[in-house]
Structure formats: C-alpha cells, structure tokens
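Respectively, the protein sequence lines represent chains A and B. For the first sequence, position 149 matches number 151 in our numbering, and the numbering has no gaps at all. For the second sequence, position 225 matches number 227 in our numbering, and the numbering has no gaps at all. For each residue, glycine too, the CB sits at the ideal point set by N, CA and C. This one's a predicted model, so the numbers in the text were calculated from it and none came from an experiment.
There are 2 protein chains.
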Amino acid sequence: MTDRPAPLASSKALNIAQEVRRRIIDREWRQGDRIPDEVELAIELGVARATVNKALQLIAEEGLLERRRRAGTHVTVNPVRKAVLSIPVVREQVEQAGRTYSHRVISQRLRPVPAKVAARMDLAPGSQLIHLRTVHLADDAPFQAEDRWPNPAAVPEMLAVDFRRDNANEWLVRNAPYTRADLSFSAENANKRDVLLLDTRPGQALLVLERTTSNDMGAITHVRLAFHPGYSMSAE
Amino acid sequence: MTDRPAPLASSKALNIAQEVRRRIIDREWRQGDRIPDEVELAIELGVARATVNKALQLIAEEGLLERRRRAGTHVTVNPVRKAVLSIPVVREQVEQAGRTYSHRVISQRLRPVPAKVAARMDLAPGSQLIHLRTVHLADDAPFQAEDRWPNPAAVPEMLAVDFRRDNANEWLVRNAPYTRADLSFSAENANKRDVLLLDTRPGQALLVLERTTSNDMGAITHVRLAFHPGYSMSAE
DNA sequence: TAGTGGTCTAGACCACATC
DNA sequence: ATGTGGTCTAGACCACTAC
Numbered sequence: 003m004t005d006r007p008a009p010l011a012s013s014k015a016l017n018i019a020q021e022v023r024r025r026i027i028d029r030e031w032r033q034g035d036r037i038p039d040e041v042e043l044a045i046e047l048g049v050a051r052a053t054v055n056k057a058l059q060l061i062a063e064e065g066l067l068e069r070r071r072r073a074g075t076h077v078t079v080n081p082v083r084k085a086v087l088s089i090p091v092v093r094e095q096v097e098q099a100g101r102t103y104s105h106r107v108i109s110q111r112l113r114p115v116p117a118k119v120a121a122r123m124d125l126a127p128g129s130q131l132i133h134l135r136t137v138h139l140a141d142d143a144p145f146q147a148e149d150r151w152p153n154p155a156a157v158p159e160m161l162a163v164d165f166r167r168d169n170a171n172e173w174l175v176r177n178a179p180y181t182r183a184d185l186s187f188s189a190e191n192a193n194k195r196d197v198l199l200l201d202t203r204p205g206q207a208l209l210v211l212e213r214t215t216s217n218d219m220g221a222i223t224h225v226r227l228a229f230h231p232g233y234s235m236s237a238e
Numbered sequence: 003m004t005d006r007p008a009p010l011a012s013s014k015a016l017n018i019a020q021e022v023r024r025r026i027i028d029r030e031w032r033q034g035d036r037i038p039d040e041v042e043l044a045i046e047l048g049v050a051r052a053t054v055n056k057a058l059q060l061i062a063e064e065g066l067l068e069r070r071r072r073a074g075t076h077v078t079v080n081p082v083r084k085a086v087l088s089i090p091v092v093r094e095q096v097e098q099a100g101r102t103y104s105h106r107v108i109s110q111r112l113r114p115v116p117a118k119v120a121a122r123m124d125l126a127p128g129s130q131l132i133h134l135r136t137v138h139l140a141d142d143a144p145f146q147a148e149d150r151w152p153n154p155a156a157v158p159e160m161l162a163v164d165f166r167r168d169n170a171n172e173w174l175v176r177n178a179p180y181t182r183a184d185l186s187f188s189a190e191n192a193n194k195r196d197v198l199l200l201d202t203r204p205g206q207a208l209l210v211l212e213r214t215t216s217n218d219m220g221a222i223t224h225v226r227l228a229f230h231p232g233y234s235m236s237a238e
C-alpha cells in the first residue's frame, strides 16, 4: 500500500468521513463504542488534527457519532434519522418539472385574523391582516392552493402591493427576509374551498404544509399550502 | 471600542455568521450583491480568514449566500427554503410526548414483494421478502400503522428474528446500518386496513411517510408509515 | 492569467465533563 | 486534575473560472 494519489473522491476530510462511515457500517466500530481520539486518527491517517475534526463533526451532524469533551467520540446507539427538505418557491418547483407556471389570485383584502392563525402568529386576536387566496397552476392544472395572512406591521409597504401582479411568496422573500420559520405537514380531507380551487372532490386527502415565518420584530406571514391530490414531497 | 470579551454569543465564527445574516436582512447587502471577499472581511472583523470562511460556508449551506471561486460571494436572489426534519424511532417519539409506548405485530411472513415496492427497492419482481405489519400505540391508542418489507438478502440473520419481540425498526437500525434513505410524504385516504389498525373511518386523510433504505449492497427495507388522523409533523 | 474561494497544516489555547 | 473535543490563527498551496 503506497501513498499514491488513491482514487481521491474529493477532499481529505470527506475521504476520512467516508472511511469512518465505512468502519461504522462494517461494524469495525460498534454502536456505543468509543472510537480513537482525534490525535490518534490524525496520526493513523497522516493528516492534521483539524482535518479529522472536520470529518468527525460532519458525521456527528449526520447523527452517526456523538461527541463530548473529555468523554470522547462514540458511535450513536439509536441514530435519529434526519431528512433535509428543500421547499422551493412554487414557480421554480413547477418550472423545474418542465411545466408552465401561472397563478390566479382569488381574493385580496384586509380582514381580522382568525383565532387559530393569530395564535400561530402570536398576534392579538382580531388584528387586521391581509388575507390572500391564490391557486398556483402547472400547465393550467391546479397544483397548489394557498391561503396566506401577511402581516402589514412587519413590512408596511406591503399594503400598497397588488399581489395579483407580484407573486406574494416571491415578494415577501425579497422584501421581508425572515429569521425563523416554523413548518408543519399534515393530511387533511379537502374542504369545499379546496374542492373548488384544486378541482377535486370533497374528502379527498390532501397534503398540507403550514408555515409561519417571523423575524425579530414578530410574525411576517402565516400560510397554508394544500397540494393537489396525489402530490408527494421527497427528501434526501 | 475595546477588545474586551463582548457579549460573546458563542464562537467567533457563529458571531460573524450572525452579523452577516443581519447585514443581509437589514438590506445592507442586497439580493444579488457581491459581498466583500474573505480577506477583506477578515481584516474588517479582526479575525483569520479561515474563521470568515467557516462562517460564510455555514450561511451558504443555509441558502442565503452563493459562493463561486473567482466570482466571489453573492447574496442569493431567491433563497430556497430548507427544512430539517427529525424522524426519531417511533418508541422515542411516543415516549418523549410523555405517553406509554407499545406495539402489536399483526403479521410476519415471507411473501413475494408487490411490483410497486419492488420498483422502489430496485429488486426483481416476485422476490421473496419478509412482510411485516405492525401497529404502534401510544397509551394504547393507535399512533402509527407500519407496513414493512425487510430484505433478508441485506442481512441474512433477520430471517431468524422474531419481530414480535424485537421492534423491527430498532433491530434494523442496530443491525443493518444504511447509507442512503429515500423519503417521501404524501396524504392518502384511509383504506380498509388503515381503518382497522388506526381505529378510524374509511376515507379519513392520513399523513403517510414512505421510506426506502439501502446500503452499497442494495435495498435493506421499504416501509410505509401511516400516522393517526390529525397527526402533524413539525420542522425547524 | 489572475483573483477568488477551498482546503490543509502545525501549533496553540480554551472549555468542559468525566475520572 | 486531566484528557478530550472546540476553536482559532497564520500561512500556504491548490482549483476553479471570470475576465
């Protein structure tokens, strides 16, 4: 075994990470085991400790290792599975599928916010928000029904915006960056409004994504997105 | 302005990351703008370039910045929203909610795999897999219905396991580490089996998670998890 | 071809939790 | 008390790619 280039996947740190994963998967290091410390691995692998550190931190983020000062690095016993979901802007999502995007705004007006939404947004019940209902289309077929409550207190200029022209999602992303987002997924039976917007039948199971975004000043918007029947969201 | 400790949120790199986020959110750096290069920021902030590099890479992963050699670092125009979902082992999920976990195995036997599942697992149609149906309970109320197809070819010992005693999920996590997992979320109307297992009514909208895990040797297991009505999964 | 980010190194000091 | 990971630094070289 020489020190020739080797296949060289990419970087030293990533190669080390891959080697560590292999040792875990091949049971050379078993669940709960303490693995050699950084200095030891650095010597064994002929790299600087910082490089080993980077690799191990990466794997720890993935959940396969647990690291504690003084206690060392251990192979996680019950790895928590983590999934990263990408939630693109609707338009891009549709266009990336090679379909034509369009949208129709059903209504836009000031209204007192319903209690349930107010709670999510941490607002006083009865606050006046903009209420926006939109349907997003792919090749003129309903793709997603949107029910949105933007908060003018977060960005006063939004009162002057005509969301019939400027897509609300994109306008908000550009003009009201958020620092926190709370997401939840659920399944709901289609209600009357969903039936109209998504051209489906009552009771049809719909994947629903609810998102509340906020910044240091408070809530920016709450939105309920109902996807067309049969839609599934993939990760990893 | 002295060099005294300062509030010190956590680490220099994280403080820098926070400051960069602030500049983006406060529009000091606008969407599409090129920001100063690493050397410049390092001098301005009085730290090593590696520290700036770490902070900027972090933010780039979050999606707020785009970095290209030679072209520099730019503020992302349409940030893609990313969400990290934690998908714990069912038992832990139930117990963390302060409820008592139990499960009932409905059936466990060798069967030819259905075409749809075979496709997902990239197996020859008609392959013999273990078929396992389980319901997971929280305080004796149905929580999640599981329909699982473990592949004995991945870990031959699994043929000898009695999954009535050893929870399949936990046994597999411990004995068949995977390197890849494909996830998808969808909404389905409850079928007859779901109605029985989850004690609900036909047509009820259910959140369904399907997961296929595999390692270098091929597919380990495919599983369909149907949650009880009203369940919602949160992120971030 | 030159400017930018990507990575690595050797060394140092610190923070923390176990021993 | 002390071993372990966490972080930072100054410097170096490399890999892209826009110019």
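- Cα atoms of V22/A and R51/B: separation of roughly 28 Å, rounded to the nearest angstrom.
- For chain A, the residues of the segment 85-107 of chain B that bring a beta carbon within less than 8 Å of one of its beta carbons are A85, V86, L87, S88, I89, P90, V91, E94, in chain order.
- Secondary structure of V225/A (DSSP, three-state): strand.
- Nearest to A117/B by C-alpha distance, out of L131/B, H105/B, I27/B, S234/B, is L131/B.
- Rounded to whole angstroms, I222/A and A44/B show a C-alpha spacing of 33 Å.
- Contact with chain A is found for D184/B, since one of that chain's Cβ atoms lies less than 8 Å from the residue's Cβ.
- Pairing D28/B with A207/A, the inter-Cα distance amounts to about 41 Å.
- CA-CA distance, R176/B to D39/A, rounds to 23 Å.
- At least one C-beta of chain A is nearer than 8 Å to the C-beta of G205/B.
- Counting every other CB atom within 10 Å of its CB across the protein chains shown gives N193/A a total below 16, marking it as exposed.
- Straight-line measurement puts the Cα of D149/A at about 7 Å from the Cα of L227/A.
- Excluding five sequence positions before and after W31/B, the CB atoms of its chain that fall closer than 7 Å to its own CB belong to R25, I37, V77, given in chain order.
- Within chain A, the residues placing a beta-carbon under 8 Å from that of M235/B are S186, F187, S188, ordered along the chain.
- Using a 10 angstroms sphere on the CB of V157/A, the tally of other CB atoms reaches 16 or more, which defines it as buried.
- The continuous alpha helix (DSSP H) containing A19/B extends over residues 14-27.
- Within chain B, the C-beta atoms nearer than 7 Å to that of Q33/A come from R176, in chain order.
- Taking 8 Å as the CB threshold, V82/B lines the interface with chain A.
- The C-beta of Q146/B has 16 or more other C-beta atoms within 10 Å across all chains shown, which makes the residue buried.
- By the neighbour-count definition (other C-beta atoms within 10 Å, threshold 16), P179/A is a buried residue.
- Within the model, the alpha-carbon separation for M160/B versus S234/B is close to 32 Å.
- In this structure, the alpha-carbon of L58/A lies about 49 Å from that of R167/A.
- For E63/A, the enclosing alpha helix (DSSP H) starts and ends at 51-64.
- At least one C-beta of chain A is nearer than 8 Å to the C-beta of P179/B.
- For the pair M219/A and Q110/A, the Cα-to-Cα distance works out to about 24 Å.
- Close partners of N217/A in chain B (Cβ separation under 8 Å): I27.
- The C-alpha of V49/B is placed about 49 Å away from the C-alpha of H224/B.
- For N217/B, the enclosing beta strand (DSSP E) stretches over residues 207-217.
- Counting the other CB atoms within 10 Å of its CB gives D142/A a total below 16, which places it among the exposed residues.
- Spanning the alpha carbons of T215/A and S216/B requires a straight line of approximately 35 Å.
- Here A99/A is exposed, its C-beta having fewer than 16 other C-beta atoms within 10 Å.
- Beta bridge pairing from DSSP links L185/B with A237/A, R213/B.
- The beta carbon of P127/A sits closer than 7 Å to the beta carbons of A117, A120 from its chain, once the five residues preceding and following it are set aside; these are given in chain order.
- Between F165/B and V115/B, the gap from beta carbon to beta carbon reaches 8 Å or more.
- Looking at A73/B, N80/B, R72/B, the one whose alpha-carbon comes closest to that of L66/B is N80/B.
- Assigned with DSSP and collapsed to three states, P179/A falls in coil, not helix or strand.
- Looking from the CA of F187/B, the closest CA among H133/B, E212/B, R122/B, N171/B belongs to E212/B.
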